[in-house]
Every structure is written in C-alpha cells, then in structure tokens.
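Those protein sequence lines, which keep their order, are chains A and B.
Position one of the first sequence corresponds to residue 1 (my numbering), numbered consecutively onward.
Position one of the second sequence corresponds to residue 1001 (my numbering), numbered consecutively onward.
Below: the structure, in structure tokens.
Number of protein chains: 2
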Amino acid sequence: MLSQKSHYALRALLILAGRSDGQPVQIAEIADAANIPKKFLEQILLELKKPGIVRSHRGRSGGYSLGRPAKDISFADVLRVTDGPLALTPCVSVMAYRKCDDCFDEAVCGIRKVMAVARDATAEVLESRSLGAVAAQMRRAGAL
Amino acid sequence: MLSQKSHYALRALLILAGRSDGQPVQIAEIADAANIPKKFLEQILLELKKPGIVRSHRGRSGGYSLGRPAKDISFADVLRVTDGPLALTPCVSVMAYRKCDDCFDEAVCGIRKVMAVARDATAEVLESRSLGAVAAQMRRAGAL
DNA sequence: TAAATCTCTATTGACTCTATAGAGATTAAT
DNA sequence: ATTAATCTCTATAGAGTCAATAGAGATTTA
C-alpha cells in the first residue's frame, strides 16, 4: 500500500501540473487545495526538490513549481522518492538493487524470478503514466 | 517491499511444496531448512492455516502440510495473508476494497485510475505463479 | 526595513515489524 | 496411564517507521 506521504505527494504534484502557467504556487495554497497538513507538505516538497521533481522559489511571493515538464514526470519517479523502490524484493530492484538479507543463491531463487516479473509489470504501468497526462485527463473530467 | 514475514512464508511453503509425498513436516525442520526463527515461523504458519493454505497435524509426529495441491496456491494467495492487499491504494483493491481516507470523488480521481491498472498488472503476475510451478522449477535448478 | 515565504532539524505519539517467551492442548508411542 | 513431542495461543519487548507538529533560521520581494 502507498504511504500517506506518497498519496499527498501525488495530489500536490497534480495540482502543480494542473496549473498550465507554471507559475510558483505557495505551500499554503497547495495544502489548502489538496487538503494536506501544511507542515507535512513542506517536508514532502523538500524531498521532491532534491531529485529535481519540483523547484522552489524562496522569499515573498515564492512557492513551488514542477522541476520539468509535467509530461516528463512519471508516477514511478514520484513514488520512488516517497516510498522507495517499486520492486517487492531488493534483489529485483533496478534503481536500488541489493541482495536479500539471507539469500542462499540468487541465481536459482524461485521467489526472485517471480518478483522480477512482478516488478517489470508494475514498473511498466507506473513509468508510462505522467503527471501531465493524468492532470489533463482530470481537468477534462472536471476535477482539478 | 515484501515484509520479512512474507519472505519467510514463501520460503517455508516452497519447502512444503517440494515434498512430493505431502507428508507433514515439523516446524523445527522447516525452520532449519529455510533458516527461519522457529517461534516466528510458528506464528506465520498459524496465520496461513486460517485461510486453509496449510493444514496442521498436532501431537507427536505432527507437522504442517499444504492445505491444497501446490499448483492451486498462488503467490498472491500467500502475500494477501502475510502482507495484505496487493493494490497500492485501498480504493482499487479487489479483495479488500475500502475508500481512501480523504477521497473527494472516486469517479474522477486520476490517481485511482493509474493504481487500478498497476494493481491488475501486479495481480496478473502473482495470481498466475503457483507454489507448485515454482517449486518444480527450483527442483530442476538444484535448489530445494 | 518588514513581511512573506521557503529551509532545516528536532520531537512526539501511535503504530507496526520482528522476534522471543512460556504455559496450554493434543496426539502418538511406550 | 504416562511420557514426550508437537502444535496453539497470548503476551511482551525493542527497534524502527509513519504522520504530524513545532519553531527558529535564511532568503527574497515589496
């Protein structure tokens, strides 16, 4: 299951993606629009800033905007920041590979083979959906 | 990521699936073979017993065996017990549907639409891989 | 200079995860 | 019957994570 943090992150980013002008939006406004605790959202946006998913503008009339075009930010990009690897075991993670704690032999592990296929299936979906596409679709539906 | 509990559960069940005779295997033996803390494994097997994934035989010379043919127990069956729903949000869970805590309108939620596709992709993989098939493949590979 | 905003770190309470413990119930062998 | 081996059940504990809050600091604009 997604953490609350991931859920908040996606909601906040979809709001930014929905602003076609690309002008900075203040934390307070995002928090209000997406119904997210303001101080919690601050931390989340700060995390999303490190890998460049958002960009910040400090000082009076500052705020946050997307770090690159909304169509180039995938759900996978976001969830990797807020919830870690997409894979179900570290041994099949592409972006954050690690051996499982007590693995006897990765080459013959049947669990691993299944998890590898599951990871690819999940990643294929989450990599191919962008904030831009989803925001546009939501706008057409009257949400956003 | 899978919990340690899920990981242990799959390892233990693959050992049971690998015993072609279907005779009960004692907790201590499974724990030893799969390198799982014995008392922890007790709890896990007890949980797997409730939905009928394993069957227990009490008393002297007791033990555990699979509750139905290994080919009829999917990875999804197991993981739902030990880690809960496969879905990334409760609102797209097929087996354990629940509305997201602060959802404004499920019908137009763009996040939900993506998560629904992701769930189906993951489920398709995990439902289609059985303990029987994976145990057989591991046996051929020399593991198990 | 002042006000509005983002930045950074710390803290808290609740909860979950992993593991261990031990007394109880059941069964098979003797 | 008795004993020993096994599963059953509930409790507990320590570590860690999650969600949220707090407040002082840095930066920018008006």
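Glycine included, every Cβ here is placed at the ideal spot set by N, Cα and C.
Query	Result
Answer with yes or no whether the minimum CB distance from A:Gln26 to chain B is below 8 Å.	no
Kindly indicate the opening and closing residues of the alpha helix (DSSP H) around B:Ser1006.	1004-1018
According to DSSP, B:Ser1065 sits in a beta bridge with which residue or residues?	B:Arg1055
Name the DSSP bridge partner or partners of B:Ser1093?	The partner list for B:Ser1093 (beta bridge, DSSP) is empty, contrary to what the question assumes.
Is the region 1065-1082 of chain B touching the region 125-135 of chain A, taking contact as three or more C-beta pairs under 8 Å?	no
With a cut-off of 8 Å, does the C-beta of B:Thr1082 fall near any C-beta of chain A?	no
Short of 7 Å in beta carbon distance, which residues of its chain neighbour A:Cys103, apart from the five on each side in sequence? Order them along the chain.	Cys91, Cys109
Say whether chain A places a C-beta atom closer than 8 Å to the C-beta of B:Val1108.	yes
Please decide whether A:Glu29 counts as near chain B, where near means a Cβ-Cβ distance under 8 Å.	no
Between which two residues does the alpha helix (DSSP H) holding B:Ser1128 run?	1110-1128
Rounding to the nearest angstrom, what Cα-Cα distance links A:Ala34 and A:Ile15 in this structure?	8 Å
Against chain B, with Cβ distances strictly below 8 Å, would A:Phe40 count as a contact?	no
For B:Val1025, which beta-bridge partners are listed by DSSP?	B:Tyr1064
Going residue by residue through the region 25-49 of chain A, where are the continuous beta strand (DSSP E) segments of at least 3 residues, counting only ones entirely within it?	none
Count Cβ pairs between the region 1069-1083 of chain B and the region 1110-1120 of chain B that sit closer than 8 Å; are there 3 or more?	no
Under 9 Å Cβ-Cβ, which residues of chain B neighbour A:Leu45?	Going along chain B, no residue has its Cβ under 9 Å from A:Leu45, so there is no contact; the nearest lies around 18 Å.
Cβ of A:Leu126 within 8 Å of Cβ of B:Thr1089?	no
My assumption, with CB atoms under 8 Å, is that A:Ala17 sits in contact with A:Ala141. Please give the rounded CB distance.	Wrong, their Cβ atoms sit about 14 Å apart, outside the cutoff.
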